[in-house]
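Chemist: Numbering (our numbering), first residue to last: 26 to 274.
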């Protein structure tokens with residue numbers, strides 16, 4: 026009898042210990058994964074301004090990315106009306122930390138337009154001008170696509186862009202991330218026309234027609250190119266009122 030009680034008690038204790046260890050491991054791995062995601066996003070975001078900032082993110086160690094970001098990037102959270110939200114307001118909406126880097130844009134894009142909140146990153150260049158870096162999110166041929174667009178202090182001219190994807194075809198749609206020549210096309214393009222209307226950038230099959238608002242599509246990846254066009258327009262529409270308010274200052 027005592028032997029049976031001992032075995033049952035020992036088994037229960039062992040089960041509890043294993044459950045605790047697994048729980049701690051899961052929590053630790055989850056936090057590590059979250060930190061890796063934040064680092065990945067920082068690297069992608071800095072990729073949009075690397076020429077202006079005089080850095081090469083491909084040659085920077087993780088600690089260098091974090092250090093540059095911490096020292097040089099201001100984080101702001103805005104709504105689609107163009108208002109800046111406080112850290113407390115952002116945390117009340119479920120984002121622990123309350124910073125731009127904590128915002129899940131995929132989650133926000135599922136909300137009604139007037140309910141969305143958005144991350145903005147601001148870099149002050151050596152010439153004193155502010156560069157505004159906006160987060161992009163959309164749908165490619167097979168899965169999610171994303172990116173960052175950096176605007177000059179005129180809030181119209183693009184100084185850099187970076188893109189990423191989850192499942193576009195290697196050598197075709199994946200070129201949005203892998204081909205620096207594709208990204209380089211965005212430099213100098215403008216997201217507003219002469220009347221001040223948001224027109225975004227068109228990734229055009231057959232070659233750019235409008236020198237200010239078109240770039241060449243990715244060869245053999247028409248649907249991915251269309252997805253990038255849609256992502257740019259819909260993402261920039263989120264920020265339109267914020268950019269307009271900045272121009273009025």
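Backbone N, C-alpha and C define an ideal beta-carbon position, used for all residues, glycine too.
In chain order, what residues of the same chain lie with their CB nearer than 7 Å to the CB of residue 268, ignoring the 5 residues before and after it?
Modeler: For the purposes of this step, residue 268 is taken as the residue at position 243 of the chain shown. Answer for residue 268: 180, listed in chain order.
Chemist: Could you check which residue in 104, 145 and 171 has the C-alpha nearest to that of residue 136?
Modeler: Residue 136 sits at position 111 when you count from the first residue of the chain shown. Considering only alpha carbons, the answer is 104.
Chemist: Have a look at residue 253 and residue 117 and give me their C-alpha separation to the nearest angstrom.
Modeler: Here the question's residue 253 lines up with position 228 in the chain shown. Here the question's residue 117 lines up with position 92 in the chain shown. Approximately 32 Å, taken between the alpha carbons.
Chemist: Could you tell me if residue 161 is buried or exposed, where buried requires 16 or more neighbouring beta carbons within 10 angstroms of its beta carbon?
Modeler: If you number the chain shown from 1, residue 161 lands on position 136. It is buried - the Cβ of residue 161 has at least 16 other Cβ atoms within 10 Å.
Chemist: Is the region 183-190 touching the region 207-216 in the sense that three or more CB pairs, one from each, lie closer than 8 Å?
Modeler: Because the criterion of three Cβ pairs below 8 Å is met, the region 207-216 and the region 183-190 touch.
Chemist: So for residue 181, helix, strand or coil by DSSP?
Modeler: Within the chain shown, the letter at position 156 stands for residue 181. Reduced to three states, the DSSP call for residue 181 is coil.
Chemist: Leaving aside the five residues before and after residue 44 along the sequence, list all residues of the same chain whose C-beta is less than 8 Å from its C-beta, in chain order.
Modeler: Here residue 44 refers to the residue found at position 19 of the chain shown. Cβ neighbours of residue 44 beyond the five flanking positions: none.
Chemist: Which of the three DSSP states, helix, strand or coil, is assigned to residue 29?
Modeler: Working through the chain shown from its first residue, we reach residue 29 at position 4. Looking at residue 29 - three-state DSSP - the assignment turns out to be helix.
Chemist: Do you know offhand how far residue 26's Cα is from residue 32's?
Modeler: Locating residue 26 in the chain shown gives position 1, counting from the first residue. Locating residue 32 in the chain shown gives position 7, counting from the first residue. Any reading at residue 26 must be qualified, since the residue scores a pLDDT of 49, below 50, and its modelled position is unreliable; the value itself is stated next. Answer to the nearest angstrom: the Cα atoms are 10 Å apart.
Chemist: Identify, in the order they occur along the chain, each residue of the same chain with its Cβ nearer than 7 Å to the Cβ of residue 258, setting aside the five sequence neighbours on each side.
Modeler: Within the chain shown, numbered from 1, the residue matching residue 258 stands at position 233. Once the five neighbours on either side are set aside, the close Cβ partners of residue 258 are 225.
Chemist: Applying the 10 Å Cβ sphere with the 16-neighbour rule, what's the burial state of residue 242?
Modeler: Start at 1 with the first residue of the chain shown, and residue 242 comes out as number 217. Classification of residue 242: buried, given that the 10 Å Cβ count is 16 or more.
Chemist: I need the DSSP call for residue 229, collapsed to helix, strand or coil.
Modeler: What you label residue 229 is simply residue 204 of the chain shown in a count that begins at 1. Residue 229: strand per DSSP, three-state reduction.
Chemist: Near residue 215, which residues of its chain fall below 6 Å by C-beta distance, leaving aside the five closest residues on each side in sequence?
Modeler: Indexing the chain shown from 1 puts residue 215 at position 190. Closer than 6 Å at Cβ, skipping near neighbours: 181, 182 and 237.
Chemist: Can you tell me where the beta strand (DSSP E) holding residue 219 begins and where it ends?
Modeler: The count along the chain shown starts at 1 and reaches residue 219 at position 194. From DSSP, residue 219 is part of no beta strand (DSSP E); its letter is neither H nor E.
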